[in-house]
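There are 2 protein chains.
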Amino acid sequence: MITKTVQDLHALGLAARKASREVARLSTEVKNQVLLNLAGLLRSDQAGVLAANQLDYQEAKVDGMDESMLDRLLLTSERLNGTADEVQRVSELPDPVGEVIETATMPNGLITTRRRVPLGVVGSIYESRPNVTVDIFGLCLKSGNACILRGGKETIRSNTALVTLLRKALLDAGVTEDAVQYLDNPDRALVDAMLRMNDYIDLLVPRGGAGLVKFVAENATMPAVTGGIGVCHTYVDRAANLQMAAEIVHNAKVRRPSICNALDTVLVHSDVAAEGLPLIAKGLTDSGVELHCDIRALSILGPDASGTAVPANEDDWGKEFLALIAAVKVVDSLDDALEHIETYGSGHSEAIITEDEAAATRFLDEVDAAAVYVNASTQFTDGGQFGLGAEVGISTQKFHARGPMGLKELTTYKWVIMGTGQVRQ
Amino acid sequence: MITKTVQDLHALGLAARKASREVARLSTEVKNQVLLNLAGLLRSDQAGVLAANQLDYQEAKVDGMDESMLDRLLLTSERLNGTADEVQRVSELPDPVGEVIETATMPNGLITTRRRVPLGVVGSIYESRPNVTVDIFGLCLKSGNACILRGGKETIRSNTALVTLLRKALLDAGVTEDAVQYLDNPDRALVDAMLRMNDYIDLLVPRGGAGLVKFVAENATMPAVTGGIGVCHTYVDRAANLQMAAEIVHNAKVRRPSICNALDTVLVHSDVAAEGLPLIAKGLTDSGVELHCDIRALSILGPDASGTAVPANEDDWGKEFLALIAAVKVVDSLDDALEHIETYGSGHSEAIITEDEAAATRFLDEVDAAAVYVNASTQFTDGGQFGLGAEVGISTQKFHARGPMGLKELTTYKWVIMGTGQVRQ
Chain A
1 MITKTVQDLH ALGLAARKAS REVARLSTEV KNQVLLNLAG LLRSDQAGVL
51 AANQLDYQEA KVDGMDESML DRLLLTSERL NGTADEVQRV SELPDPVGEV
101 IETATMPNGL ITTRRRVPLG VVGSIYESRP NVTVDIFGLC LKSGNACILR
151 GGKETIRSNT ALVTLLRKAL LDAGVTEDAV QYLDNPDRAL VDAMLRMNDY
201 IDLLVPRGGA GLVKFVAENA TMPAVTGGIG VCHTYVDRAA NLQMAAEIVH
251 NAKVRRPSIC NALDTVLVHS DVAAEGLPLI AKGLTDSGVE LHCDIRALSI
301 LGPDASGTAV PANEDDWGKE FLALIAAVKV VDSLDDALEH IETYGSGHSE
351 AIITEDEAAA TRFLDEVDAA AVYVNASTQF TDGGQFGLGA EVGISTQKFH
401 ARGPMGLKEL TTYKWVIMGT GQVRQ
Chain B
1001 MITKTVQDLH ALGLAARKAS REVARLSTEV KNQVLLNLAG LLRSDQAGVL
1051 AANQLDYQEA KVDGMDESML DRLLLTSERL NGTADEVQRV SELPDPVGEV
1101 IETATMPNGL ITTRRRVPLG VVGSIYESRP NVTVDIFGLC LKSGNACILR
1151 GGKETIRSNT ALVTLLRKAL LDAGVTEDAV QYLDNPDRAL VDAMLRMNDY
1201 IDLLVPRGGA GLVKFVAENA TMPAVTGGIG VCHTYVDRAA NLQMAAEIVH
1251 NAKVRRPSIC NALDTVLVHS DVAAEGLPLI AKGLTDSGVE LHCDIRALSI
1301 LGPDASGTAV PANEDDWGKE FLALIAAVKV VDSLDDALEH IETYGSGHSE
1351 AIITEDEAAA TRFLDEVDAA AVYVNASTQF TDGGQFGLGA EVGISTQKFH
1401 ARGPMGLKEL TTYKWVIMGT GQVRQ
């Protein structure tokens, strides 16, 4: 069925809500069976998905989509196998549902337990990459949630073909196929309507660029994950191992410059700038990074014939570059670094490079961000790297979940109280 | 200073934000010293507060405030001593800040730790009772948060006098008095402005009637606690101990009918209605409870000369009475009870009375509410009764915190990552 109207969308919400009650009570075994069915289908039933994806791909190409976006849109047999592997890994993660978070016996004999339970229905609005359809479904199902998905309009055929596999995987395990709902109409008015469905959707997860995240944050009537945007600093302290600093800064910027945990600004203590900055800069510029330098950094790095070190302007501080560009600034103290990060950081990932334990402790205590690092690359901010197994996104808000959101972060809890006739005095 | 303009309010927000960084890093000892100072001042410096409260009280009386509201507004020496005792109890609760929620060493040697940290700045908008000023401050301070308070316009003098004590308690312990900010202007436009201060306020806690909570939920731009409204059911199963059922239902309704965890609707299984309903009804009507009965319950209870059992109308299901009224319905099965609660419950507190373990398990698993009970009164839903020590409110949302919100629920966490030069592959 093509979702045509807001009424259709409400029907879809109601179906998800109803399915969520069944999904919430599935055993771990049945949920894992769905995931293993899905992994199998992603490996064995690729033809329909690849054909649908080719139609999306060719149309996007004709419409002039740029190469990097086209590459994100493209599915191949190898990529589907990779997605299947990821689904299988989710089946191996511990089931968070039913976990006893804490329990106690009160003096009056009441046994109080905080028990972990699913949120209910998770909505997701995302762009371009069709594998997100499978990723979000897998994490929602394992955490006992139904989901309502709305992918990008460029990938509707691919997503619809993938959703067919998701529904088959559910049915083959005896689970209602309503556990996944797909909004298969690109009409923007339906997205607006989805953002108002707080009766049906318990959490909304936007996945995409800053524009999408901001739009969702401002317009959603239900809780939404705010995140995926990172203005990340690495501060090279006076007590830094400068060789280590150069390697970490290089990794934080160059490994994958287009992701939200990539370095944007390097702050270097003035005591070590003369020795450290050229070392750091060489690694970066050798990898094609353009350095936007404050006046002191520029005076140390000297005139640069290749044009890779240029004067920074005020806009460079606090900018998420998502490209091979880094801002560089010399600071006179840890306090100055902390103040700069307080002013310009986005609360995502921040690092200090130092051998001084007191400086490290102050940095970890005082920087207000989802992830704070000592002597490591900010590119580690990731559900897999933090041991969560997988993630639906990275939150930079402080409420409910901060940093990578894995299975546990897709749950809530209820208080379960066992009595033997207690009444309150 | 009287907060006159939105600019003043922003200055106050900025001061709170700045203070929050200091408060977040206070030692447990210093925070407890502030609380003990405050408890002392509430006992020794009552004259100013009582005089201010008398002005509020007399003015409200002249303005025609009803007796129960006047009583809520009134402060006495005894009540201030009681508030002091509560503040002292908060000083004895464990400090949640800095708690290691979990920690692990990754294969690459990175040590990842989720460390509990304060939210930052907590805002609260509340009505009538001036002791809320002290309660919220105490919980915010102990959890490492600064706070911005806006009490009811009827209690501005009382609250201002109390805030003077809060600030003195802070200063006497060497802590910035900006840790508490009070919006001392009744202008409603400033409340609207406060709801838009998401740059300064991390969490908003409304305390008051349904109108206030709804207004805040719909208009706040920052996360807000939704709660304090409870349509609470007690289901008397076919396998109930009927004497126990009568006692629990009586307590859940009569102990304090005006609070959110009070019983609103009794559901009785048809197999035990003939025997159980008269027993349950007698206890309630003897205490002056009016019963709004469905037709089957009415036929069992029979014609009632005193007029305490009357026919229910459709509005009675799903109504929060906050008074000596209960709706009564006969149901034919646990499934019917579950469906009724699903349709009419507000996700606050729901109870089953049964000796049948299978029925109890289904009820606990399938009812989607903040607190679910077996064989106990729903009036236990309370931070103190659940072992949290105290609460700022009761949440009926699923995000971040559910049920009573104590000190832990006023915190978030950050990921602290200790490396030795790790870069990501």
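As given, the protein sequences belong to chains A and B, one line each in that order. For what it's worth, this note's numbering labels the leading residue of the first sequence as 1, then goes sequentially. For what it's worth, this note's numbering labels the leading residue of the second sequence as 1001, then goes sequentially. We put the CB at the ideal spot given by N, CA and C, even for glycine.
- At a cut-off of 7 Å between beta carbons, Met244/A contacts chain B.
- Within the region 214–238 of chain A, those residues whose Cβ lies closer than 7 Å to any Cβ of chain B are, in chain order, Pro223.
- When beta bridges are read from the DSSP output, Ser1349/B appears opposite Ala1371/B.
- Proximity of chain A to Ser1377/B at the Cβ level (cut-off 7 Å) is accounted for by Gln422, Val423, Arg424, in chain order.
- The beta carbons of Tyr1200/B and Gly1013/B sit closer together than 7 Å.
- Measuring C-alpha to C-alpha distances from Asp237/A to each of Val254/A, Val392/A, Val268/A, Ile2/A identifies Val268/A as the nearest.
- Of the candidates Gly1230/B, Val1180/B, Asn1053/B, Ala1193/B, the residue whose Cα lies closest to the Cα of Ile1148/B is Val1180/B.
- The region 165–182 of chain A makes contact with the region 26–44 of chain A, as at least three CB pairs between them are under 8 Å.
- Taking a C-beta cut-off of 7 Å against chain B, none of the residues of the region 315–334 of chain A qualify.
- Of all residues in the region 244–260 of chain A, only Met244, Glu247, Ile248, Asn251, Arg255 place a beta-carbon less than 7 Å from a beta-carbon of chain B.
- For the C-beta of Leu1026/B, not a single chain A residue is nearer than 8 Å; the gap to the nearest is close to 12 Å.
- Within the DSSP bridge table, the entry for Val1268/B names Val1236/B, Val1330/B as partners.
- Within the region 344–375 of chain A, the residues whose Cβ lies closer than 9 Å to any Cβ of chain B are, in chain order, Ser349, Ala351, Ile353, Ala360, Leu364, Asp365, Glu366, Val367, Asp368, Ala369, Ala370, Ala371, Val372, Tyr373, Val374, Asn375.
- Judged by pairs of C-beta atoms under 8 Å, the region 1340–1350 of chain B does not touch the region 1215–1226 of chain B, as fewer than three such pairs exist.
- Exposed is the label assigned to Arg1256/B, since fewer than 16 other Cβ atoms lie within 10 Å of its Cβ.
- For Ile1002/B, the closest alpha carbon among the candidates Val1249/B, Asn1185/B, Phe1137/B is that of Asn1185/B.
- Just so you know, the alpha carbons of Ala1084/B and Glu1078/B end up roughly 10 Å apart.
- For Ser395/A, the enclosing beta strand (DSSP E) starts and ends at 393–395.
- Rounded to the nearest whole angstrom, the C-alpha separation of Met405/A and Glu67/A is 30 Å.
- Residues of the region 1078–1106 of chain B that bring their beta carbon within less than 7 Å of a beta carbon in chain A comprise Ala1104, Met1106, in sequence order.
- Taking all protein chains shown into account, Ile101/A has fewer than 16 neighbouring C-beta atoms within 10 Å of its C-beta and is therefore exposed.
- If one requires a minimum length of 4 residues, the alpha helix (DSSP H) runs lying completely within the region 1197–1239 of chain B are 1210–1219, in chain order.
- In the displayed model, Thr1420/B falls within a strand according to three-state DSSP.
- Between Ala371/A and Thr361/A the beta-carbon gap is near 16 Å, outside 8 Å, which marks them as no contact.
- Every unbroken stretch of the beta strand (DSSP E) spanning 3 or more residues and falling wholly within the region 94–156 of chain A is given here in chain order: 100–105, 111–118, 121–126, 146–150.
- Burial of Asp316/A is indicated by the presence of at least 16 other C-beta atoms within 10 angstroms of its C-beta.
- The region 1239–1253 of chain B makes no contact with the region 1211–1222 of chain B: fewer than 3 CB pairs, one atom from each, lie closer than 8 Å.
- In the three-state DSSP reduction, Leu1291/B falls in the strand class (E or B).
- Ranking Asp1135/B, Gly1345/B, Tyr1373/B by CA distance to the CA of Thr113/A puts Tyr1373/B first.
- Considering only Tyr1413/B, Gly1403/B, Thr1412/B, the residue with the shortest C-alpha distance to Tyr413/A is Gly1403/B.
- With fewer than 16 neighbouring CB atoms inside 10 Å of its own CB, Pro94/A falls in the exposed class.
- Contact check for Arg72/A and Ser128/A: beta-carbon distance about 5 Å, within the 8 Å limit, so the pair qualifies.
- Between Gly276/A and Ala240/A, the beta carbon gap of about 7 Å places them in contact (Cβ cut-off 8 Å).
- Closer than 7 Å to the CB of Ile1417/B there is at least one CB belonging to chain A.
- The residues Ser124, Val225, Val392, Gly393, in chain order, have a CB closer than 6 Å to that of Val205/A in the same chain once the five nearest residues on each side in sequence are set aside.
- Following the DSSP letters along the chain, one finds Val310/A inside the beta strand (DSSP E) bounded by residues 309–311.
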